[in-house]
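Shown next, in C-alpha cells, is the structure this report addresses.
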Amino acid sequence: MKKTFKDQPESNPLAKKWGERVTNARRHWDRFHRRIQHNRQVVSGFDWTRDPTNSDFYLHRANLIHSSIASILPGIYARNPEISVVPQHAGRELKLLCKTIESVTNRQLADARLKQRAKSTVRAALTCSFGVLKVMYQREMGKDPIIGARIQDAQDNLARVQQLMMEINDDGGRGEQERLEAELKESLSALREKAEVVKAEGIVIDRVLTEHLLIDPTIAEFWDYEQADWMIQIVPMKKSLAEGLYGYKLDKATTYHTSFEKSDSGRLFSGTTSVSDDAQICILEIWDKKTQRVYTMAEGCDYWLREPYSPANSGARWYPFFLLPFQTVDGQFIGPSMVDLTERLQEEHNETRNRYNEHRELIKPGYIAGADISERTLRRFSDAALGEITLIDSEGLPLQQAIMPKTHPPIDPMVYDTSPVRADWEQVTGLQDAVRASITIPKTATEASIMQQSLSSRIAEFRDQVEDFLQQIAEYTAQILVQELSAEQVERVMGPHRTGPLQGVTDPMTGQPVIGVIEHSYDWPSLSREEIFQYVELQIRAGSTGAPDNLDRQDTWLRMLPVIQPLIQQIIQFQMQGIDAASLIALLKESIARFDEKIDVDSLVPDIKPPQANPMENPSGGAAAGMPGAEMLQQMMGGAGGEQTGQQGDTGQLSAGYEDMPPEVSQAISEVVPPEAGGMPSAQAGQEAAGRNLMAKGMAELTGAGMSQGDIESLMGQLLQNPQLLSQIMGQLPGGPGTA
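Each residue of the sequence shown is one higher than the one before, counting from 1 in the UniProt record's numbering.
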C-alpha cells in the first residue's frame, strides 16, 4: 500500500484557543526563563562570544557556585532511596505482597535510571529554582504521551521508515529521491537484522528542562502546582521525526536552528533553519485537568497532531510531572536558587581577588639613582656578580642616597581579606570550610563529624523535600505497575514459585505425591490503585539518599546490639515456656525505632511454639510437665527401656527386677504419678516416672550450670537416637536392673 502524508486538517477552534494560551503563558514566564538561562551561564562560566583559545573564555577566577553545588549534591543524593512497603494492618498474609511491590518498584526505578535523572533534577533545583521529572509507562510509540528517554526499541526506527516512505511518495521530495531511497534501505536492513527489541515496555523517567514546562499562571504558591488547571510540556523534536510519528507535513510549524548567541549561552537551538530535514520544531503536549484530556499540537499550527485522549492506567494524581524546589517563599511560586543567593558574593570575592592580583603586579623590584650618577657607576652596580664588592663613585653623596631600592605601594591585607565573604557564604549555603575543603577521607573524628553534621543540620530541609519528592514518584510508579504488569512479568523479577511434593496429597491413580507450589515467591494483586494502597503503605527511609556515614552506622549498631540481644533471648525463652511475649516484642520494636534502624523485627524473633506435655502421662503437671523439651523426653522414655511387656497402666504385670524398689524411688514416683491412677504403678510405669523425674532434675542442674537450652535439647536428641546408651543410663536408676 502506498504510504503518503495525511491531508492537512482544517483549523480547529480549540487548538487555536490553546495556541493563544501558550503565547500568554510564554509571555508570563519569559523573565523567569531568561533568568534560568543566565543562572546556567553563571554556573558553567563559559562565554561563547569569545575566542575559545583565550583565557577570558572562562568568566570566573574562582567558580564558587559550581563548587558549592558539587559539594551539596553528594550529601543530598548519592544513591537511590531505600523504598519499603509495609502493611497498613497487622496481618502477616500481606508480607509477601509488600515484598513483591517493593522489589518490582525498586527494579523498575533502577532500570529507568532514577539516580541519574534525580541527580539532574536536584542540580536543576539548585541552579534554576526548581527541577522537573516526568514519569510515564512506555507501551506503544504514537499512542503513549510524549516520552523523551524512551526505552530503546524498534518503534522509532519504524516511525523513521514511515516518514521516508511518505517523503518518497510526496511530490515535493522528488529531487532527493535517491538519498531518501538509500536511507530507507538502510533503515529496513536494521529492522530485518533485529538490532533492537521490537517493542519494549516499562517505567520511563524523563528529565524535563524547567523552562520547557508551562504552568497555569493563576497558581500563586509552589506547592499548589498539582491543583493547576493545565500544564503544557514543550518538547523539542526534529521535524522529520514528528512528521513520521504523526503523519502530517509540518511546514507551518515554527522551526529553530543551531546558534551560539550570547542570549543562549550553551543552548544549541534558536531562530530559523535553512536545512529542512534537520529542522527543530516544538511539539506542545497539553495536559488539561478540567477535561481530563491530553492534546498534542505543533507550535505554529492550529490543529491537533493526534486525537485528544485520556491517559490509560495513570496514577492516583492526574499530572505525571513532579516538581522539586530548592527554596520556597510564602505567596510566591518562584523561590530563590543557590545561584540567586550567592551570585553577588561570588562577584565580590572574584573582584577582591582580581584587585589584589593587579596590586601585586605593580610591585616590580628595582633601584632609584640620582641623575648625576655616571653611567659607568650604574653599569658596575647592575653587572655585579654574587658576592662581588662593587666600587662606585657617589659623587659626594652618602652611599645610601646614591643608589637606593625602589619603593612600591604597600599591600594592606585587610583591604583584600575575603573572610567576610566566606562568612556570608557559609550563612547562605550552610557549607562550612571543612566541607568545602579538599577532605576526601576524614582523618580525625572531628573532620568526619563536621563533614556529616554540617550538611545534615543546614540543608536538612532540602533533603527532606527530596525524600518527599522521591516518595511521590515511587507511589505513582507502584500505582501504575499494579495496573500494567502481568503475573508473568512479575515472575521475571521475583523468580518462579518453589514447587515440590505436596504434603499429604497423593494421586489416587498412581499413589504418588502430587507436585505443586509449596512456597510462593511473589503475590501480585488484581486490585485497583485505590484499593491496593488501602492495605499497604509505601515509605522511603529518611536520610537513605545521602552519602552513607559508615562510622555513624557502626556506632549506632554497637549501641543498639546490647539493648536488643537480651530482649530477643527473653522473648524466645517466654515463647518456649508458653508465656505471652507480646509486650516484649512491642518493646523490641520501639527500641529499634528509637535507633531509627530499618530492621524487620519478625525476622529476628522466631515463632516458637511451646512444648506440649502428654496429659495422659502427667495430668497433675509434675516436675517434667512444664520443662522445655518435655515432649522429647516423653518420646525418649517411651522407647528406651526395651520392648514393652504389657499395656501402659496395667498394674497386674511387672517387669523383672523392679518388684522391690527402694523407698526413695517409690517416693519420687509418687510425686510424679497422681494417686487416682490406682495405687502403685506397674514396674514399667515406675521406670518411666523415675526417669522423667531424674531427667527433669538433670536438666535443671544443667541449666543452672550455664548450659544453654539449645545444647540441652541437642543432648536429649542424641540420647533419643541412641536407645542403648539411654538403657544403660536407665539401668543406673535406684532399683533398676543394674543396681543392687
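Backbone N, C-alpha and C fix where the C-beta goes; we use that ideal spot for every residue, glycine too. This structure is a prediction, so every number in the text was calculated from the model and none was measured.
In the structure shown, D30 adopts helical secondary structure according to DSSP, grouped into three states. Beyond the five residues adjoining it in sequence on each side, G504 comes within less than 7 Å, by CB distance, of no other residue in the same chain. Taking each of E343, I608, L323, N24 in turn and checking the Cα distance to Q465, the smallest one comes out for L323.
Judged by DSSP in its simplified three-state form, L431 adopts coil rather than helix or strand. By the neighbour-count definition (other C-beta atoms within 10 Å, threshold 16), D340 is a buried residue.
When the alpha-carbon of E361 is set against those of D330, L431, R353, the nearest one is in R353. Around the beta carbon of P320, 16 or more other beta carbons lie within 10 angstroms, which makes this residue buried. Assigned with DSSP and collapsed to three states, F469 falls in helix. By the beta-carbon neighbour count (other beta carbons within 10 angstroms, threshold 16), P325 is buried.
For the stretch 317-346, not one full-length alpha helix (DSSP H) segment reaches 4 residues or more. Selection M404, D424, R344, F574 evaluated against H60 yields R344 as nearest (Cα-Cα). Each of Y367, L391, A581, I368 was checked against the Cα of R376, and the nearest Cα belongs to L391. Less than 8 Å separates the beta-carbon of M297 from that of A15. Taking C-beta separations shorter than 6 Å and ignoring five residues to either side along the sequence, the partners of Q471 in its chain run I540, following chain order. In the DSSP annotation of this structure, the continuous segment of the beta strand (DSSP E) that includes T296 starts and ends at 293-298.
Ranking P409, L109, R207, K95 by CA distance to the CA of E82 puts L109 first.
The stretch 200-261 contains, as complete beta strand (DSSP E) runs of 3+ residues, the segments 202-208, 213-215, 230-238 (chain order). Beyond the five residues adjoining it in sequence on each side, V514 comes within less than 6 Å, by CB distance, of L502, V505, D507 in the same chain, given in chain order.
As computed with DSSP, D288 is found in a beta bridge with W230, R293. For R498, the enclosing beta strand (DSSP E) starts and ends at 498-506.
Looking from the CA of D372, the closest CA among L397, N350, R355 belongs to L397. In the three-state scheme derived from DSSP, where H, G and I count as helix and E and B as strand, I518 is classed as strand. Taking each of R317, A279, I281, G300 in turn and checking the Cα distance to D288, the smallest one comes out for R317. Pairing G131 with V85, the inter-Cα distance amounts to about 27 Å. Taking every protein chain shown into account, the CB of S67 has fewer than 16 other CB atoms within 10 angstroms, so this residue is exposed. Taking the Cα of E461 as reference, the smallest distance to any Cα among Q573, Q327, R306 is reached at Q327.
Per DSSP, the beta-bridge partners of Y309 are V294. Annotated as distal: P13 and Y303, with beta-carbon spacing of 8 Å or more. Taking all protein chains shown into account, T510 has fewer than 16 neighbouring C-beta atoms within 10 Å of its C-beta and is therefore exposed. Contact between the stretch 101-117 and the stretch 478-491 is present, with at least three C-beta pairs closer than 8 Å. Counting the other Cβ atoms within 10 Å of the Cβ of E351 gives fewer than 16, which makes it exposed. Annotation: V415 is outside any beta strand (DSSP E) and is labelled neither H nor E by DSSP. Per DSSP, the continuous beta strand (DSSP E) segment holding G131 begins and ends at 130-138. A contact between stretches requires three or more CB pairs, one per stretch, nearer than 8 Å, and the stretch 45-59 fails this requirement with the stretch 223-234. In this structure, the straight-line span from the alpha carbon of L305 to that of L538 is close to 38 Å. According to DSSP, P513 shares a beta bridge with T506.
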